[in-house]
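Q: Dumping the structure here so I can ask a few things about it.
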Amino acid sequence: MAEQSAPSPEISVVELKKTQQAQEQAEEQLEVAEKQQRGTEDAKERTEEAKNGAGEAIKRIEETNERLERKEEELRRREEELRRTEEDLRQTEPF
Numbered sequence: 001m002a003e004q005s006a007p008s009p010e011i012s013v014v015e016l017k018k019t020q021q022a023q024e025q026a027e028e029q030l031e032v033a034e035k036q037q038r039g040t041e042d043a044k045e046r047t048e049e050a051k052n053g054a055g056e057a058i059k060r061i062e063e064t065n066e067r068l069e070r071k072e073e074e075l076r077r078r079e080e081e082l083r084r085t086e087e088d089l090r091q092t093e094p095f
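Shown next as C-alpha cells:
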C-alpha cells in the first residue's frame, strides 16, 4: 500500500497566516474606501450648500438690481420734472 502523507502542520499555519494577512489587508482597504466615501459624501454636501448659497446670493443681487433700476427711474423722472420747472421759471421771469 502506498503511504499517504498527512499535510504538514507548518503548511497549514503558513496558509492560515497568509489568509489572516489577506483578511487584514482587505479590512484596511475597506476602511480606507469607507473613509473616502464619507469624504466624497461630505464634499457633495458642501457643494450642495455652496450651490444653495450661490442661488441665494444671486437672488439678492437680482432684488438689489431691481431696486436700483426703480431708483434710477425715479431719479430720471425727478430730473425731468426739475428741467420742466426750470423751463417754466424761465418763461415766467420778467425780461
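Residue numbers (the numbering used here): 1 to 95. For every residue, glycine included, the Cβ atom is placed at its ideal position computed from N, Cα and C. Owing to the predicted nature of the structure, the values given are computational and were not obtained by experimental measurement.
Using the Cα positions of isoleucine 11 and glutamate 48, report the straight-line distance between them to the nearest angstrom.
A: 55 Å
Q: Going by DSSP in three states, glutamate 93 sits in which element: helix, strand or coil?
A: coil
Q: Quick one: Cα of lysine 59 to Cα of threonine 40, how far?
A: 28 Å
Q: Put methionine 1 into one of helix, strand or coil per three-state DSSP.
A: Unreliable positioning characterises methionine 1 in this predicted model, as indicated by a pLDDT of 48, which lies under 50. A coordinate reading is not provided.
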